[in-house]
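A.B. asks: Top line first, the protein sequences correspond to chains A and B.
The first sequence begins at 1 in the numbering used here and counts up by one.
The second sequence begins at 402 in the numbering used here and counts up by one.
We treat Cβ as the ideally placed atom computed from N, Cα and C, and that holds for glycine.
I'd like to ask some things about the structure below.
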Amino acid sequence: MDLLERAPIELKSWFLSLLGSFGVPQWILSVLSALLIIGTVIGVFLGLFALMSVMERKILARAQNRYGPNRVGFFRWRLFGLFQPVADGIKMITKEDLVPRTADKAVHFLAPVAMMIPALMVLAILPYGRDMVPAELDAGLLYFFAVGAGTEVAVFMAGWASNNKYSVLGAMRAIAQMISYEIPLVIAAIIAAMISGSLSPSAIVAAQGGFTWGFVPQWFVFTPWGFAACLVFYIGALAESNRSPFDLPEGESELVAGHLTEYSGFKYATFFMAEYVGMFAVCGMLVTLFLGGWQAPLPLLTIIPSWCWFLGKVCFVAFTMVWVRATLPRLRIDHLLAFAWKFLLPMSFAAFLAAACWHYAGRGPLAWFLSLAIVAVPYLILGTAFSNRFALSRRLYQFSE
Amino acid sequence: MNFPGSGILKGLAVTARNFAGSYFEKDRLITEQYPEERPKLPENARSFPFLVYDGGDPEAGMRCVSCKICEKECPPQCIYIVQDRDAAGKALKRPKIFDIDISVCMSCQICVEVCPFESIRMDADYELSSFERFGSLVLDKARLLKSNSYYRSIHPTEAAETDARLEADRKKKEAAAAAKAAKAAQTPEAAK
């Protein structure tokens, strides 16, 4: 089991030592080592993206009692339509790449690249397993949000360069939404960093190791403040990755496709890919911060390799995002922003306060109930006020009645 | 229980029930997997007209006598008929050319209503897509002629009625012919 746990690392060092025995110089080996890690991480996440693009459609279809894509296979074998991403990829690559005549061509070309780069860069600091962090940064959390904020610029680049009013409107909405939701997102992340006393993702995961009474994992999500912060982070993550119900920037009912209106072919595919990779990265961050990272949920289950746990949890969180997409309709822009500033932000502060009280009250059962009260009371007050504010009332038709 | 956010949880429960249910309850999935599963068409389903023939040989058993009533009545004028003639130029009671342009046909069934010889009927075949725009959508006589047993298989009730009517007509004609023959047999005797 220990072998399987360390399999990816051992495989890499075996391969490098094999090359070393052929007399390959040391500096090439160290460059190759880095490239291997980068290639593996990008390969795994692009594979996940391909799988997600078909699984999302299948899950949505099942939630609506349909089959979803089940045709594309390999010659005679249909394989439940799992070859759909291959067909999609071929279609996207062979499509004509249209650039509007009045577009700012350089920026129009650079926007998909600018979107993709941060999405891939943030993958560097996630702890994928025990001792498996591509780049061990002391301020990894800071790096994640600093680099991740780059996608906002890319979205605005795309909207502005397209020289299309739908694109600009979509991009403006995206900026308003992403900046608004970034604040609760970061505050929720700060809570985890504050309790574990470090900005390093590995240290945050390590702080969630161990089991209370031998079987309850000490993940942050199992504390009241952690649960609240996890939900705030989750909602923020949905909004950050422009996913339903916060997919207003691409609201096709009013904005054609928002900032993606003037993109086609491979550039569109790059945007799509960047969005999904970004979503997986933010899911990975959620797992790292609140769901115990690569830690197993039960002492018995530690025999399963840690990187399997990480991957499984990321897939689970991604599944819940599709589930939410199948459930909730899109919000209106003013409701969306009101929700961010008037509900999510106060709730993240409440979780922050609750975490501090939990820490200073000794992290015992008493602290648990104290933090529960600090989170629950604002939730009930704000939630009731909010649901009354937006409650559906009978519509009055002024002139006909 | 009503608390803030309970509506979202209820909604999530509904989608989860549908998601899981679609794997266990087969009747939830109502999608027909088309090329493998065919829809069961209602008996009166109709697409475009075809010509009925009796017996085994399409040319010999053709009911159409080339009266051209359908051609005249057809509202979009999608039927084209040329009467057949023998070597001496005498008109024969069968069409030489019978074309229906199904890209023009509007499936109104008027040709079927007006046909005095129960010859033209509505088909139920809907898989008529083609790779060219004109040629293969003009059905000629060879493609229009379909056997009476095929007609019985697609519209059993209607075909049974038609068959009964034809049978009754045939009997009446036979009876009339027999009466005429009897009369003809009697007349010479009376003349004597």
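How about the region 42–49 of chain A and the region 272–280 of chain A: do they share at least three Cβ pairs that are nearer than 8 Å?
C.D. replies: Touching, yes, given that three or more Cβ pairs across the two stretches are closer than 8 Å.
A.B. asks: Quick one: which chain A residues come within Cβ less than 8 Å of arginine 429 of chain B?
C.D. replies: Simply Asn65.
A.B. asks: Is the shortest distance between the beta-carbon of threonine 327 of chain A and the beta-carbons of chain B less than 8 Å?
C.D. replies: Threonine 327 of chain A counts as touching chain B.
A.B. asks: Can you pull out the residues from the region 350–381 of chain A whose beta carbon lies closer than 8 Å to at least one beta carbon of chain B?
C.D. replies: Listed in sequence order: Tyr379 and Leu380.
A.B. asks: What residues from chain A crowd round phenylalanine 420 of chain B, counting only those whose CB sits closer than 8 Å?
C.D. replies: Under the 8 Å cutoff, chain A gives Ile59, Arg62, Ala63, Trp323 and Ala326.
A.B. asks: Looking at the C-beta of leucine 452 of chain B, does it have a partner C-beta in chain A at a distance below 8 Å?
C.D. replies: No, no contact with chain A.
A.B. asks: Just list the residues that DSSP pairs arginine 486 of chain B with in beta bridges.
C.D. replies: In the DSSP output, where bridge partners are listed per residue, arginine 486 of chain B has B/Ala492.
A.B. asks: Quick check: the Cα distance between alanine 63 of chain A and threonine 416 of chain B, rounded to an integer number of angstroms?
C.D. replies: The alpha-carbon atoms of alanine 63 of chain A and threonine 416 of chain B are separated by roughly 5 Å.
A.B. asks: Between leucine 3 of chain A and aspartate 247 of chain A, what straight-line distance do the alpha-carbon atoms span, to the nearest angstrom?
C.D. replies: When rounded, the distance between both Cα atoms is 43 Å.
A.B. asks: Give me the chain A residues within the contact set of proline 405 of chain B, using Cβ-Cβ distance strictly less than 8 Å, ordered along the chain.
C.D. replies: What proline 405 of chain B touches in chain A: Tyr379, Leu380, Leu382, Gly383, Thr384, Phe386 and Ser387.
A.B. asks: Give me whichever residues DSSP pairs with threonine 212 of chain A in a beta bridge.
C.D. replies: According to DSSP, which records beta bridges pairwise, threonine 212 of chain A is partnered with A/Val216.
A.B. asks: Are the Cβ atoms of proline 201 of chain A and leucine 126 of chain A separated by less than 8 Å?
C.D. replies: Taking 8 Å as the Cβ cut-off, proline 201 of chain A and leucine 126 of chain A qualify as a contacting pair.
A.B. asks: What is the C-beta distance between isoleucine 381 of chain A and cysteine 357 of chain A, in whole angstroms, given that I count them as a contact (C-beta under 8 Å)?
C.D. replies: Contact doesn't hold; Cβ gap of about 18 Å is too wide.
A.B. asks: Could you have a look at glycine 129 of chain A and say whether DSSP puts it in helix, strand or coil?
C.D. replies: Glycine 129 of chain A falls in the strand class under three-state DSSP.
A.B. asks: Please check if any C-beta of chain A sits within less than 8 Å of the C-beta of leucine 546 of chain B.
C.D. replies: Judged by the 8 Å Cβ criterion, leucine 546 of chain B is not in contact with chain A.
A.B. asks: With 8 Å as the threshold, decide whether the Cβ of alanine 417 of chain B is near any Cβ in chain A.
C.D. replies: Judged by the 8 Å Cβ criterion, alanine 417 of chain B is in contact with chain A.
A.B. asks: What residues match up with proline 450 of chain B in a beta bridge as DSSP calls it?
C.D. replies: For proline 450 of chain B, which the question treats as bridged, DSSP gives the partners B/Met523.
A.B. asks: Taking DSSP as the reference, what is the three-state secondary structure of aspartate 458 of chain B?
C.D. replies: Residue state, collapsed to three classes: coil.
A.B. asks: Classify aspartate 334 of chain A as buried or exposed, calling it buried when 16 or more other Cβ atoms lie within 10 Å of its own Cβ.
C.D. replies: Exposed: under 16 other Cβ atoms inside 10 Å.
A.B. asks: Rounded to a whole number of angstroms, what is the C-alpha to C-alpha distance between leucine 430 of chain B and arginine 66 of chain A?
C.D. replies: Their Cα atoms are separated by approximately 6 Å.
A.B. asks: Whose C-beta lies closer than 6 Å to the C-beta of serine 371 of chain A among residues of the same chain, with five residues either side of it excluded?
C.D. replies: Hits under 6 Å: Pro224, Trp225, Ala354, Cys357 and Trp358.
A.B. asks: Considering just the uninterrupted stretch of the beta strand (DSSP E) at leucine 538 of chain B, what are its terminal residues?
C.D. replies: Premise fails: leucine 538 of chain B is in no beta strand (DSSP E) and is neither H nor E.
A.B. asks: Does the beta carbon of isoleucine 482 of chain B come closer than 8 Å to any beta carbon on chain A?
C.D. replies: Output row for isoleucine 482 of chain B: interface = no.
A.B. asks: Is it the case that the region 462–471 of chain B contacts the region 479–497 of chain B, given that we only count it when at least three CB pairs across the two stretches are under 8 Å?
C.D. replies: Touching, per the Cβ criterion.
A.B. asks: With three or more beta-carbon pairs closer than 8 Å as the criterion, would you say the region 143–162 of chain A touches the region 83–92 of chain A?
C.D. replies: Result no; under three Cβ-Cβ pairs closer than 8 Å.
A.B. asks: Can you tell which of A/Tyr166, A/Thr94 and A/Leu141 has the C-alpha that lies nearest to the C-alpha of serine 253 of chain A?
C.D. replies: The candidate whose alpha carbon is nearest that of serine 253 of chain A is A/Tyr166.
A.B. asks: In its own chain, which residues sit with a C-beta less than 7 Å from the C-beta of alanine 492 of chain B, not counting the 5 before and 5 after it?
C.D. replies: Excluding positions up to five away in sequence, the list reads Gln484 and Arg486.
A.B. asks: Are at least three pairs of beta-carbons, each pair with one atom in the region 105–122 of chain A and one in the region 71–85 of chain A, less than 8 Å apart?
C.D. replies: Contact fails: fewer than three Cβ-Cβ distances are below 8 Å.
A.B. asks: Taking all protein chains shown into account, decide if isoleucine 42 of chain A is buried (16 or more other Cβ within 10 angstroms of its Cβ) or exposed.
C.D. replies: Isoleucine 42 of chain A comes out exposed.
A.B. asks: Would you call the region 449–464 of chain B in contact with the region 539–552 of chain B, where contact means no fewer than 3 C-beta pairs closer than 8 Å?
C.D. replies: Segments in contact, yes.
A.B. asks: Report the residue from B/Asp570, B/Glu444 and B/Asp500 whose alpha carbon sits nearest the alpha carbon of cysteine 475 of chain B.
C.D. replies: Of the listed residues, the one whose Cα sits closest to cysteine 475 of chain B is B/Asp500.
A.B. asks: Given this structure, state the Cα-to-Cα distance separating leucine 231 of chain A from threonine 212 of chain A, to the nearest angstrom.
C.D. replies: Computed Cα separation, rounded: 22 Å.
A.B. asks: Sort out for me which residues DSSP pairs tyrosine 481 of chain B with in a bridge.
C.D. replies: B/Asp500, per the DSSP bridge assignment.
A.B. asks: Taking only the alpha-carbon atoms, compute the straight-line gap between arginine 544 of chain B and alanine 561 of chain B and give it to the nearest angstrom.
C.D. replies: Going from the Cα of arginine 544 of chain B to the Cα of alanine 561 of chain B covers about 23 Å.
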